[in-house]
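*Asks:* In our numbering, the protein residues as written are 18 to 655.
From the three backbone atoms N, C-alpha and C, an ideal C-beta is built for every residue, glycine too.
Here you go, one structure.
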Ligand SMILES: [Zn+2]
């Protein structure tokens with residue numbers, strides 16, 4: 018079978034998607050875990066004596082015990098320590114990411130949902146003003162942010178792909194140059210490349226959970242995209258699975274799982290060949306006309322429903338066009354749901370002594386959004402189908418793990434801008450910011466100065482990387498630098514240009530776009546200059562003279578790309594609608610609080626308002642550590 022890369026089409030001319038201690042914590046409360054460690058002289062750094070610390074420690078312990086009364090009295094706690102421990106933490110943490118789901122989709126389409134999306138809103142905590150506080154609203158960046166609770170300035174996954182200055186080439190966020198690492202295919206597939214999380218600068222929540230609870234956690238993630246499955250899992254995992262070349266794949270760093278092999282063989286994607294994606298609701302239920310204006314459907318599809326999954330020619334065997342159609346259809350979401358359910362069954366997730374972690378990133382909404390735009394029947398319909406899949410997934414979890422034993426968070430990695438030609442119909446200032454033309458304009462502006470030609474090594478999304486030495490020289494050459502900035506600002510669709518020096522170390526600023534750019538900046542990986550497009554201007558990297566091969570995109574610091582849903586449901590969560598402004602980086606710290614662990618970064622914060630208070634929820638256990646923590650786990654008291 019011809020090798021086929023699922024996102025190949027989006028790679029072409031579409032820079033937004035990436036051109037080419039094992040000591041269990043909090044379970045044991047004792048004076049040994051008093052807040053300060055005394056110094057050698059019996060004085061802490063804060064000047065309190067050791068005995069004062071002992072008093073403080075006892076007071077803290079007493080206050081803790083008194084403020085968390087066990088439901089059935091002290092005797093019950095002493096005799097059923099194990100029983101009282103089990104409900105204290107979720108048995109399973111479930112992370113769901115919908116790739117390219119705008120926050121307003123929930124408001125618009127909620128009335129048509131009957132399954133899992135509806136249940137998340139009705140039984141969960143719905144954060145209605147959640148938005149990314151940074152500029153690089155792309156897939157790898159968003160997933161790493163949700164997974165780590167950190168912003169890209171901290172976790173370092175600044176784009177799906179960036180310019181490697183040392184090797185003078187584009188690298189993807191998950192590409193691993195270690196020659197001992199390689200990707201592995203399921204069901205006989207032989208994917209190329211080597212993908213891991215080695216470029217992610219901080220551990221994921223799931224990794225921290227596994228490490229801090231003594232290894233009892235199983236980490237399992239699924240997506241069509243490597244950059245989603247890998248960032249959600251972290252550097253090590255029990256299974257991280259993605260789709261490549263028409264088959265499921267993983268990396269030697271994670272290893273294979275028999276249940277994935279079984280599912281890959283019994284339910285291959287090609288079994289969906291010949292199916293047809295038809296409208297799920299009556300015609301009158303759809304918000305938009307049958308033909309999305311400015312859409313660029315996959316090969317073999319028309320602008321209107323129904324969409325057959327029969328490849329380019331409509332007959333014969335599954336071809337590249339078929340896999341592209343499949344990835345752009347509800348059938349891929351259903352396949353991911355099937356894998357997640359299989360993982361729950363095969364590994365007994367949520368049934369072991371520790372807290373397990375299951376994550377699914379549903380990629381198809383992103384493909385559909387790029388092709389048909391947010392104002393399309395396709396987007397509305399694929400969400401109706403995803404709602405059904407999620408309903409099935411939750412029913413499966415209720416049955417296998419038990420309602421109330423698991424906690425779910427659903428969010429998105431980014432939103433999307435309307436197709437520019439569609440937006441122009443409103444009379445608004447909208448358009449296409451053509452990056453190759455911008456590059457030409459800047460090269461021309463530098464032509465009268467003595468700089469290498471070309472002076473720009475690469476423009477990738479909003480990041481401009483100069484050829485070696487050029488950026489350093491421009492720092493001293495104010496006339497040439499001004500010529501570059503003037504040329505960029507004169508280009509249609511450019512609102513502002515930021516220099517790297519303005520973004521380093523996250524400077525204090527009142528400008529939301531400047532702050533967003535700074536939150537995205539990571540030294541060594543980010544560009545030398547940054548283009549801020551005007552609102553509703555799509556940054557497009559299609560080579561000169563070629564037609565755009567997609568409808569629209571994302572990747573800028575405007576609300577249509579930044580505003581996403583955040584929904585939490587289940588163990589420890591207080592249902593309701595919440596309007597305070599939050600970010601998806603708050604999901605991991607909230608999971609961490611529910612599981613009693615600590616994350617490295619403080620970019621995100623705990624969504625305390627949506628947590629059940631101890632009186633209404635479950636008291637944390639005071640006595641026992643997780644049974645599964647290995648006996649050899651050292652409990653040191655330096
Ligand atoms: Zn995308």
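Please confirm if the stretch 538 to 553 is in contact with the stretch 392 to 403, defined as three or more CB-CB distances below 8 angstroms between the two stretches.
*Replies:* Short answer: they don't touch.
*Asks:* State the DSSP-derived secondary structure class of residue 274, mapped to helix, strand or coil.
*Replies:* Three-state result, residue 274: coil.
*Asks:* Contact defined as beta carbons within less than 8 angstroms: I believe residue 668 pairs with residue 530. What is the distance between those atoms, to the nearest angstrom?
*Replies:* Only positions 18 to 655 of the chain appear in the structure, and residue 668 is not among them; the question remains open.
*Asks:* With a 10 Å radius around its C-beta and 16 neighbouring C-beta atoms as the bar for buried, classify residue 304 as buried or exposed.
*Replies:* So residue 304 counts as exposed.
*Asks:* Pairing CB atoms from the stretch 617 to 625 with CB atoms from the stretch 600 to 607, are three or more of them under 8 angstroms?
*Replies:* Counting Cβ pairs under 8 angstroms, three or more are found: they touch.
*Asks:* Just to confirm, does residue 387 get its C-beta within under 7 angstroms of one of the non-hydrogen atoms of ligand 1?
*Replies:* Correct: residue 387 has its Cβ closer than 7 angstroms to ligand 1.
*Asks:* Quick one: what's got a C-beta closer than 6 angstroms to residue 361's C-beta in the same chain, skipping five residues either side?
*Replies:* So the qualifying residues of the chain are 417.
*Asks:* Which of the three DSSP states is assigned to residue 200 in this structure?
*Replies:* Strand.
*Asks:* Which one of 131, 183, 188, 352 has the shortest CA to CA distance from residue 263?
*Replies:* Nearest of 131, 183, 188, 352 to residue 263, Cα basis: 352.
*Asks:* Using three-state DSSP, classify residue 342 as helix, strand or coil.
*Replies:* Note: residue 342 maps to helix in three-state DSSP.
*Asks:* Here's the rule: buried if 16 or more other CB atoms are within 10 angstroms of the residue's CB, otherwise exposed. What is residue 288?
*Replies:* When all chains shown are included, residue 288 counts as exposed.
*Asks:* Where DSSP assigns a beta bridge to residue 548, which residues make up the other side?
*Replies:* Paired residues: 514.
*Asks:* How many angstroms separate the CA atom of residue 156 from the CA atom of residue 486?
*Replies:* Between residue 156 and residue 486, the C-alpha separation is close to 31 angstroms.
*Asks:* By the three-class DSSP mapping on this structure, what secondary structure does residue 222 have?
*Replies:* Note: residue 222 maps to helix in three-state DSSP.
*Asks:* Where does residue 473 sit, in a helix, a strand or coil, going by DSSP?
*Replies:* Correct three-state label for residue 473: strand.
*Asks:* If I measure Cβ to Cβ from residue 499 and keep anything under 8 angstroms in the same chain, skipping five residues before and after, which residues do I get?
*Replies:* If we look at residue 499 and ignore the five residues flanking it on each side, it has no Cβ neighbours.
*Asks:* Here's the rule: buried if 16 or more other CB atoms are within 10 angstroms of the residue's CB, otherwise exposed. What is residue 19?
*Replies:* Low confidence applies to residue 19: its pLDDT is 36, below 50, so where it sits in the model is not reliable enough to give any reading.
*Asks:* Going by the DSSP bridge assignment, what does residue 266 pair with across the sheet?
*Replies:* DSSP lists 202, 259 as partners of residue 266.
*Asks:* Measuring straight from C-alpha to C-alpha, what distance separates residue 185 and residue 223?
*Replies:* The straight-line gap from Cα to Cα measures roughly 33 angstroms.
*Asks:* Roughly how many angstroms lie between the CA atoms of residue 455 and residue 324, to the nearest whole one?
*Replies:* Going by the C-alpha atoms only, they are around 37 angstroms apart.
*Asks:* Within a Cβ cutoff of 7 angstroms, which residues of the same chain sit near residue 658, ignoring the five residues on either side of it in sequence?
*Replies:* Residue 658 lies beyond the residue range present for the chain, which begins at 18 and ends at 655; the question has no answer from this structure.
*Asks:* In terms of residues, what are the limits of the beta strand (DSSP E) holding residue 239?
*Replies:* Element bounds for residue 239: 236 to 240.
*Asks:* Is residue 383 near ligand 1, going by C-beta to nearest heavy atom under 7 angstroms?
*Replies:* Within the cutoff, so yes.
*Asks:* Just verifying my parser: in three-state terms, what is the DSSP assignment at residue 249?
*Replies:* Note: residue 249 maps to helix in three-state DSSP.
*Asks:* In the DSSP assignment, find the unbroken alpha helix (DSSP H) run with residue 439 in it and report its ends.
*Replies:* Residue 439 -> alpha helix (DSSP H) spans 437 to 441.
*Asks:* Mapping the DSSP letters down to three states, classify residue 465 as helix, strand or coil.
*Replies:* Three-state result, residue 465: coil.
*Asks:* Output yes or no for whether 8 angstroms exceeds the beta carbon distance between residue 578 and residue 382.
*Replies:* No, these two residues do not count as a Cβ contact at 8 angstroms.
*Asks:* Helix or strand or just coil, what does DSSP make of residue 289?
*Replies:* It is helical.
*Asks:* I believe residue 399 touches residue 385 by the beta-carbon criterion, under 8 angstroms. Please report the beta-carbon distance rounded to the nearest angstrom.
*Replies:* Confirmed, about 5 angstroms.
*Asks:* For ligand 1, I want to know if residue 571 counts as a neighbour, meaning its beta carbon is within less than 7 angstroms of at least one of the ligand's heavy atoms.
*Replies:* It does: the Cβ of residue 571 is within 7 angstroms (strictly closer) of some heavy atom of ligand 1.
*Asks:* Using the Cβ count rule (16 or more neighbours within 10 Å means buried), how would you classify residue 420?
*Replies:* Burial call: exposed.
*Asks:* Which runs of the alpha helix (DSSP H) at least 4 residues long sit entirely within the stretch 404 to 450? Give them in chain order.
*Replies:* Complete alpha helix (DSSP H) runs here, min 4: 437 to 441.
*Asks:* Under three-state DSSP, which class holds residue 326?
*Replies:* It is coil, neither helix nor strand.
*Asks:* On the CB-based measure, 16 or more other CB atoms within 10 Å of its CB, does residue 472 come out buried or exposed?
*Replies:* Residue 472 comes out buried.
*Asks:* If we ignore side chains and look at the alpha-carbon of each, how far apart do residue 477 and residue 452 end up?
*Replies:* Rounded to the nearest angstrom, the two C-alpha atoms are 9 angstroms apart.
*Asks:* So what does DSSP say about residue 487, is it helix, strand or coil?
*Replies:* Three-state result, residue 487: helix.
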